[in-house]
Structures are given as structure tokens and as C-alpha cells.
Amino acid sequence: MRTTRRSRQASKAFDLWHPRTVTLLFFSRTKLVICPSPKFRSLPRRHRSIVAIAGLCVAIAWPSVTLEDGSIASPGALGRCADAVAEAISESLSDGQVREIARQVTVRIFSDGGAGSGAIVDRDGDTYTVLTNDHVLDNEENPAYAVMTADGERYDAERLETLDFGDLDVAVVQFRSDRPYPVVEWGDTTAISVGDRVYASGFPNWYFSDDSLTSTRDWGTKAYRLTTGEIGMYSARSLERGYQLGYTNDIQNGMSGGPVLDASGRLIAINGRLKYPLLGIDVFKFEDGTQPSVELFKQMESLSWAIPSCRIRERF
């Protein structure tokens, strides 16, 4: 039997709407009470939204629906929920789709002093804007840069000085091309939670083997690396230079400035600090000048650290 995209989406929704996930209590033929089970409460926020919408769709068959809080859902409104389910499901991308987004929007930034990574965040005609770390562009003696895109092309780039990021370890370069490179979509960092899956990408400067260390500067796109992990901490207080999001992904030197994407392929942060820094607890200083307790430091040093996109986007 041939299935349509919408029918496949509906099937996915009803897979989520399962007795192990949501408890349905039938009081009569004309009334339905929907109560979330403990399994439902443990689902990621996006999946809870999909399940909730799908549950209301199921209720179309009943003249009235009573939710857990006692409110009554309008049957007329329920008839329009199929599109809402499809839209919610469409936001969830496959692992392969997110990986491809990361590969396409991640660039390598070269300077005389070294190399780092960045993410394409805007396009205006033939001008592309790349977000990166300020420390990646720390090259005052010869501020000339080049950007390598996912197709291996290299372009001259200039630092954009008109944006003020304050004390954040953030900077922007621009390059020009008539090629249609993808632009990453901004994510909502207010919606993320500890345990959420994240993807971090960039171009490590070195390749480590058992007995040697090799520079990747001339490797082209072969140096690209993507790692997966999850959010380990979202600190209530920001560290110096804006670092606030800790995640379990392994990041290497050279991946600074690269994007951290959520499971929908949206930009939620940029890489910047590696796990287990050589300077130890001295690296972990909050913006007010204080340092974490030893117990908190032990948690923080086991994570890579990034600057949340919400703190960056507000400066654009």
C-alpha cells in the first residue's frame, strides 16, 4: 500500500500516543479525560508537544474532551489539529539531516597565526556573515583572513567591526561569493534542557595518531569533524566572556567558533572551550569575578563550553 507523507506523519504521532506514554481514562461515550503518565513527563519537551497535540486529535471522535486541569477542549478547534501535528513532527529531523546541516554551514577560518571554525549565519546578496570566536581572530599584526566553505572553496574575508559584542568571546567575518551556501537557523536556548542531544562541528587543527601529531591546515574539507553528545549543564551564572552552556561533546583545538546545533539543526551556541583545561579552576571564573566551588568545578571541567546563541543574537 502506498503511503503519503501526511499518513506517515500521523503514524509517527500515534506511535508516540501509546498506553505506555499516555493514560486515557474513558468516563462515558461522550466524555474523555486525558491524563499524562510518568512516561509522558519524562519525554523531551518537543515530543511532549507532539503527543499532546496528537491526543487532542484522537479526541475528535468525542463531543467533549476534559483535560487534566478540568478545561474543556472545543470540538471545532480539534478538527484543525492534524496540520498542527504535521508541523510539530516536521521540526524533528533525522540524525543524518542534522549532520548534513552542520557540514554545510560550518566553515574554517584561516589567519597567519592559526585557524579556527565558524558558522554561516546570514546572507545579503553575495555577502555571507560568519559567526566565530573573538580569540579565533586574535591576529592584530596581520588581520587578514580566509574562509573555507563546505565545498572546499576559499574566500578572502574581513572582520566586521561595526557589531559590538562587549566582553563576549564572539566575532564576525564576512566573505563574498555568488554560490548559494546554506545559512543556519537560530535556535531557542530558552527551550533546551539538560540531557538534550546536541551536535558540535568544526575543523581540528591537529590529527593525533598513536605516535605522531600532524597539522591539518592543508587537509581541506577532510579535516572537518562532527561530534554528538548532550547538554550537561546550563549555568545560571555565566562564566567570563559569555560561556554558559556545558555539553559532553569532545571538542579539539581548532573547533572554536564552530556551531553547536540542537536536534532540529538550529544554532544554540558556538564552541569555545575544551574539557579539562590545562589551567584548571582558574579558567572557570564567573562574570562577577568569583569562582565555582571545588565540587562544581569538577562537574564543569568534564564538559566542553559554549556561548549560548541567545546572548549573541541580541547583539545583531
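Residue numbering for the sequence shown follows the working numbering, starting at 16 and increasing by one per position.
Just so it is clear, CB atoms sit at the ideal spot from N, CA and C, and this is done for glycine as well.
Here the structure is a predicted model, which is why all the values come from computation and not from measurement.
_Going by the DSSP bridge assignment, what does Leu254 pair with across the sheet?_
As a working mapping, residue 254 is identified with position 239 in the sequence shown. Looking at the DSSP assignment, Leu254 forms a beta bridge with Phe301.
*Contact between the region 212-228 and the region 184-204: three or more CB pairs below 8 Å?*
By the C-beta criterion, the region 212-228 is judged not to be in contact with the region 184-204, since fewer than 3 inter-stretch pairs fall below 8 Å.
*So Leu352 and Gly261 are in contact, right, with Cβ under 8 Å, and what is the actual spacing, rounded?*
In this structure the chain extends from 16 to 331, so residue 352 is not present and cannot be described.
*Would you give the residue range spanned by the beta strand (DSSP E) that Phe125 belongs to?*
In the sequence shown, the residue the question calls residue 125 occupies position 110. Taken as a continuous stretch (DSSP letters only), the beta strand (DSSP E) holding Phe125 covers Thr121 to Ser126.
_Less than 8 Å between the C-beta atoms of Val136 and Leu146, yes or no?_
As a working note, residue 136 is residue 121 in the sequence shown. As a working note, residue 146 is residue 131 in the sequence shown. For the 8 Å CB-CB criterion, Val136 and Leu146 form a contact.
*Could you give the C-beta distance for Asn148 and Gly304, rounded to a whole number, given that I count them as a contact under 8 Å?*
Locating residue 148 in the sequence shown gives position 133, where the first residue counts as 1. Locating residue 304 in the sequence shown gives position 289, where the first residue counts as 1. Rounded to whole angstroms, the Cβ separation of Asn148 and Gly304 is 22 Å, and the two are not in contact under 8 Å.
*What residue range is occupied by the uninterrupted beta strand (DSSP E) comprising Ser173?*
Mapped onto the sequence shown, residue 173 falls at position 158. Contrary to the premise, residue 173 reads as Glu rather than Ser in this sequence. Taken as a continuous stretch (DSSP letters only), the beta strand (DSSP E) holding Glu173 covers Arg169 to Arg174.
*Quick check: the region 238-249 against the region 182-189, are there 3 or more CB pairs under 8 Å?*
Using a C-beta cut-off of 8 Å, the region 238-249 makes no contact with the region 182-189, since fewer than three inter-stretch Cβ pairs fall below that distance.
*Considering only the beta carbon of each residue, do Arg194 and Thr142 sit closer than 8 Å?*
Locating residue 194 in the sequence shown gives position 179, where the first residue counts as 1. Locating residue 142 in the sequence shown gives position 127, where the first residue counts as 1. Annotated as distal: Arg194 and Thr142, with beta-carbon spacing of 8 Å or more.
_Selected residue, minimal CA-CA separation from Gln267, among Val275, Leu289 and Ile327_ = The count along the sequence shown starts at 1 and reaches residue 267 at position 252. Closest by alpha carbon: Leu289.
*For Phe125, collect the residues of the same chain with a Cβ closer than 6 Å to its Cβ; drop the 5 residues on either side in sequence, then sort them by chain order.*
Along the sequence shown, read from residue 1 onward, the residue named residue 125 stands at position 110. In chain order, Ala161 place their CB closer than 6 Å to the CB of Phe125, counting only its own chain and leaving out the 5 sequence neighbours on each side.
*asked:* By the three-class DSSP mapping on this structure, what secondary structure does Met163 have?
replied: Along the sequence shown, one-based indexing puts residue 163 at 148. Note: Met163 maps to strand in three-state DSSP.
*So Met315 is in the alpha helix (DSSP H); what residue range does that whole segment cover?*
Numbered from its first residue, the sequence shown carries residue 315 at position 300. Element bounds for Met315: Val309 to Met315.
*Would DSSP call Ala206 helix, strand or coil?*
Position 191 of the sequence shown, counted from the first residue, corresponds to residue 206. In the three-state reduction of the DSSP assignment, Ala206 falls in the helix class, which pools H, G and I.
_Bridge partners for Trp320 per DSSP, in chain order?_
As a working note, residue 320 is residue 305 in the sequence shown. DSSP lists Gly261 and Arg288 as partners of Trp320.
*Of the residues Arg174, Arg281, Ile322 and Glu245, which one's Cα is nearest the Cα of Asp153?*
Position 138 of the sequence shown, counting from 1, holds the residue named residue 153. The alpha carbon of Asp153 has as its nearest neighbour, out of Arg174, Arg281, Ile322 and Glu245, the alpha carbon of Arg174.
*asked:* Suppose contacts are defined by Cβ-Cβ distances below 8 Å. Is Ala130 in contact with Arg232 by that definition?
replied: Here residue 130 is taken as the residue at index 115 of the sequence shown, counted from 1. Here residue 232 is taken as the residue at index 217 of the sequence shown, counted from 1. Cβ distance < 8 Å, so Ala130 and Arg232 count as in contact.
*For Asp208, which option in Asn220, Ile246, Phe218 and Glu176 has the closest C-alpha, if you only look at C-alpha atoms?*
Along the sequence shown, one-based indexing puts residue 208 at 193. A small correction: the amino acid at residue 208 is Ser; Asp does not occupy that position in the sequence shown. Per the Cα distances, Ile246.
*asked:* Taking its Cβ as the centre, do 16 or more other Cβ atoms sit within 10 Å of Asp132, making it buried, or is it exposed?
replied: Here residue 132 refers to the residue found at position 117 when the sequence shown is read from its first residue. For clarity, residue 132 is Ser in the given sequence; the question names Asp instead. Looking at its Cβ environment, which holds 16 or more other Cβ atoms inside 10 Å, Ser132 is buried.
*Leaving out five residues before and five after His150 in sequence, what residues of the same chain have Cβ atoms less than 7 Å from its Cβ?*
Taking the first residue of the sequence shown as position 1, residue 150 is located at position 135. Same-chain partners within the cutoff: Asp184 and Ser271.
*Environment of Asp277 [buried if 16+ CB atoms lie within 10 Å]*: Taking the sequence shown and counting its residues from 1, one reaches residue 277 at position 262. By the neighbour-count criterion, in which a residue is buried when 16 or more other Cβ atoms sit within 10 angstroms of its Cβ, Asp277 is buried.
*Taking Thr164 and Cys325 to be in contact with their CB atoms under 8 Å, please state how far apart those CB atoms are, rounded to whole angstroms.*
Sequence index remark: in the sequence shown, residue 164 carries index 149 (1-based). Sequence index remark: in the sequence shown, residue 325 carries index 310 (1-based). Wrong, their Cβ atoms sit about 26 Å apart, outside the cutoff.
*Could you work out which residue in Ile327, Glu168 and Pro323 is closest to Ser250 when comparing CA atoms only?*
By one-based count along the sequence shown, residue 250 stands at place 235. Looking only at Ile327, Glu168 and Pro323, the smallest Cα-Cα distance to Ser250 is reached by Pro323.
*Given a threshold of 16 other Cβ atoms within 10 Å of its Cβ, counted over all protein chains shown, does Arg256 qualify as buried or as exposed?*
Here the question's residue 256 lines up with position 241 in the sequence shown. Label assigned to Arg256: buried.
*For Tyr291, collect the residues of the same chain with a Cβ closer than 6 Å to its Cβ; drop the 5 residues on either side in sequence, then sort them by chain order.*
Sequence index remark: in the sequence shown, residue 291 carries index 276 (1-based). Correct list, in chain order: Glu316.
*Pick from Lys300, Gly244 and Lys313: whose alpha carbon is nearest that of Arg114?*
Here residue 114 is taken as the residue at index 99 of the sequence shown, counted from 1. Checked all of Lys300, Gly244 and Lys313; the closest Cα to Arg114 is Gly244.
*Should Asn157 be labelled buried (16 or more other beta-carbon atoms within 10 Å of its own) or exposed?*
In the sequence shown, residue 157 corresponds to position 142, counting from 1. Classification for Asn157: exposed.
*Please confirm whether Trp221 and Leu228 have their CB atoms less than 8 Å apart.*
Counting from one through the sequence shown, the residue named residue 221 turns up at place 206. Counting from one through the sequence shown, the residue named residue 228 turns up at place 213. Cβ atoms of Trp221 and Leu228: closer than 8 Å.
*Under a Cβ-count criterion, where at least 16 other Cβ atoms within 10 Å of its own Cβ denotes burial, should Thr177 be classed as buried or exposed?*
Here residue 177 refers to the residue found at position 162 of the sequence shown. Answer is exposed; the Cβ neighbour count stays below 16.
_For Gly167 and Gln119, what's the separation of their Cα atoms in angstroms?_
Numbered from 1 along the sequence shown, position 152 holds the residue referred to as residue 167. Numbered from 1 along the sequence shown, position 104 holds the residue referred to as residue 119. Cα to Cα, the separation comes out at about 11 Å.
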